[in-house]
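Number of protein chains: 2
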Amino acid sequence: MQLYFTYKIENNYAFLDEEEMQHAVKTLRKKQGDRLHLLDGKGNFYEAEISEIAKREVKLKILSTKPTVLPWNFDLHLAVAPTKNADRLEWMLEKVVEMGINSYTPLLCRHSERKQLRVDRLEKIAMAAAKQSQKSILPKINELIDFEKFVRSCNADQRFIAHCQSDDLEPLRNAFKFSPGTSVLVLIGPEGDFSPEEVALAVSLGFKAVGLGKSRLRTETAGIAACHTLQLFGG
Amino acid sequence: MQLYFTYKIENNYAFLDEEEMQHAVKTLRKKQGDRLHLLDGKGNFYEAEISEIAKREVKLKILSTKPTVLPWNFDLHLAVAPTKNADRLEWMLEKVVEMGINSYTPLLCRHSERKQLRVDRLEKIAMAAAKQSQKSILPKINELIDFEKFVRSCNADQRFIAHCQSDDLEPLRNAFKFSPGTSVLVLIGPEGDFSPEEVALAVSLGFKAVGLGKSRLRTETAGIAACHTLQLFGG
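As given, the protein sequences belong to chains C and W, one line each in that order.
Take 1331 as the starting number for the first sequence in our numbering and just add one per residue.
Take 1331 as the starting number for the second sequence in our numbering and just add one per residue.
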């Protein structure tokens, strides 16, 4: 089923932005009166009929609304330092959106080589992956943020920092305690890992240091492994 | 630590092929008498001294040999139909080698769009990923093989076929019963999934049909998820 994300709902009308419109109207030649299936990225599914095709948006009359059920019932937030090579980050984002996340925050760390990021590009990748894997929510992609600022502002129920500075870390799979509705945040460092000071700061703020198994993983692989672990052990 | 894979051991001498030589001699300017750390891809680690640099290979005298211990003690074989886009397959292979596999077989299925494959390219990717993640074994990359021929020839202790044709499949995480030394094989289909006939044939031959969770995953994501599940629940 072809799905579209609506960016705005107003008075029983849904709107597609220019990009979604491009696909519906230019590529698939949808016309006034045609019916589309829409998601609002917040868990709702709509059937709607095209009522107006304007220059930069499509207006659709909502015919029916149905709340959808997410395949997971907890809040999963990944904060991963962007990889030096942007492709690797983009791949990771696609994969974790397919597996299921609620938010992604790019972290600017002591050892980060990449200090800039195009969030709009990441949003597009997340949207495509959400559609492709038929997710009814769009993960929130946050702006790049300084590590210290971020860890001082987090309030997830379960906060973890995964690093490679010890072989004796408790595995994330054991440290994570699932309960319905729990919120969990995992931090993953850049290619050179977190600095010892960053780990110490996070731990002092209530983060639990965890490992992701015995294999040495690249940053983007660690992000995928963390997400997959939480999805496997979550509900 | 910089590691090299030796492709041949003879009479207490190890040899690097042209590609490894390129890196050691051309890029890192290693010379006669320099010491290198080698892996044979079968679980052994060597310290060796360059004794001769020939045109197409480097000969090294082995100074010490140490068997290494793999981080997992079972045999993990993934057989995944190559994705239409070769990048996706190559990326998957990198990730599963980082996480840990023993062998990979590309499958030619009813719905396969990609019917050809450069195994030598995959071998290079696997070698780079094994080095990068400091694995002492090199996974075996098999030639592309017809689905039916392959499933009729498999003899792993635990054989699974992961598909998307039912929502009620037992999850791989529950179906996999770890015991030290067990051999496990998971089949993953192409973009259009396995055909019902392929699933039926595999099941009739003793494969257990399993699911990989509630999210709809792309082929390459399914390969990563299967490998990660087995590594999490394996020893």
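Glycine is no exception: its CB is placed at the ideal position from the N, C-alpha and C atoms.
CB contact below 9 Å: residue i versus chain W
i          : result
C/Glu-1428 : yes
C/Leu-1369 : no
C/Ser-1466 : no
C/Leu-1562 : yes
C/Thr-1398 : no
C/Thr-1357 : no
C/Thr-1551 : yes
CB-CB length for residue i against residue j, believed under 8 Å
i          : j          : result
C/Glu-1528 : C/Phe-1477 : 6 Å
C/Ala-1411 : C/Thr-1549 : 7 Å
W/Leu-1366 : W/Leu-1390 : 6 Å
C/Gly-1566 : C/Val-1426 : A question about residue 1566 of chain C goes unanswered here, because the residues of chain C that appear run from 1331 up to 1565.
C/Val-1516 : C/Leu-1502 : 7 Å
W/Met-1331 : W/Val-1388 : Not confirmed; about 18 Å, so no contact.
C/Asp-1364 : C/Ile-1380 : 5 Å
W/Ser-1442 : W/Pro-1520 : 5 Å
C/Leu-1408 : C/Ala-1556 : 7 Å
C/Val-1533 : C/Phe-1490 : No, C/Val-1533 and C/Phe-1490 are not in contact; Cβ-Cβ is about 10 Å, not under 8 Å.
C/Ile-1467 : C/Gly-1373 : 5 Å
C/Ala-1456 : C/Ile-1471 : 6 Å
W/Arg-1546 : C/Gln-1446 : W/Arg-1546 to C/Gln-1446, Cβ: 33 Å. No contact.
W/Ser-1513 : W/Phe-1404 : 7 Å
W/Phe-1506 : W/Gln-1488 : 6 Å
W/Lys-1414 : W/Arg-1440 : Not really, about 14 Å apart at Cβ, beyond 8 Å.
Residue range of the unbroken alpha helix (DSSP H) whose run includes residue i
i          : result
W/Ser-1483 : 1477-1483
W/Gly-1534 : Correcting the residue identity first, residue 1534 of chain W is Ser in this sequence and not Gly. Here the alpha helix (DSSP H) through W/Ser-1534 covers 1526-1534.
W/Phe-1325 : The structure shown does not extend to residue 1325 of chain W, since chain W spans only 1331 to 1565, so no value can be given for it.
W/Arg-1546 : That residue, W/Arg-1546, is in no alpha helix (DSSP H); it is neither H nor E in DSSP.
C/Leu-1468 : Counting along the chain, C/Leu-1468 falls outside any alpha helix (DSSP H), and DSSP gives it neither H nor E.
C/Glu-1350 : 1348-1351
C/Leu-1400 : Neither: C/Leu-1400 is in no alpha helix (DSSP H) and is coded neither H nor E.
C/Ala-1505 : 1502-1505
Any chain C beta carbon closer than 9 Å to residue i
i          : result
W/Ile-1554 : yes
W/His-1353 : no
W/Lys-1361 : no
W/Arg-1451 : no
W/Thr-1559 : yes
W/Arg-1548 : yes
W/Lys-1445 : no
W/Lys-1425 : yes
Extent of the continuous beta strand (DSSP E) to which residue i belongs
i          : result
W/Gly-1541 : 1538-1541
C/Thr-1395 : 1388-1397
W/Asn-1342 : W/Asn-1342 -> no beta strand (DSSP E), and no H or E assigned at all.
W/Val-1516 : 1513-1518
W/Gln-1623 : The structure shown does not extend to residue 1623 of chain W, since chain W is modelled only from 1331 to 1565, so the question has no answer here.
W/Phe-1375 : 1374-1383
W/Pro-1335 : Per the sequence presented here, residue 1335 of chain W reads as Phe, with Pro not at that position. Unbroken beta strand (DSSP E) run through W/Phe-1335: 1333-1335.
C/Arg-1365 : 1365-1369
Entirely within the stretch 1406-1456 of chain C and at least 3 residues each: give me those beta strand (DSSP E) ranges in chain order.
DSSP runs (the beta strand (DSSP E)) wholly in the stretch 1406-1456 of chain C: 1433-1438.
Proximal residues, the stretch 1401-1417 of chain C versus chain W, C-beta separation under 7 Å:
Those would be Pro-1401, in chain order.
Chain C contacts made by the stretch 1524-1546 of chain W, where a contact means CB separation under 7 Å:
Of all residues in the stretch 1524-1546 of chain W, Gly-1543, Lys-1544, Ser-1545, Arg-1546 have a Cβ within less than 7 Å of some Cβ in chain C.
Using a Cβ cut-off of 8 Å, which residues of the stretch 1459-1491 of chain W contact any Cβ in chain C, in chain order?
Legend: CB atoms of the stretch 1459-1491 of chain W lying less than 8 Å from CB atoms of chain C belong to residues Gln-1462, Ser-1463, Gln-1464, Lys-1465.
Contact residues within the stretch 1487-1519 of chain W, judged by C-beta distance below 7 Å to chain C:
If the cut-off is 7 Å between Cβ atoms, the stretch 1487-1519 of chain W has Arg-1503 near chain C.
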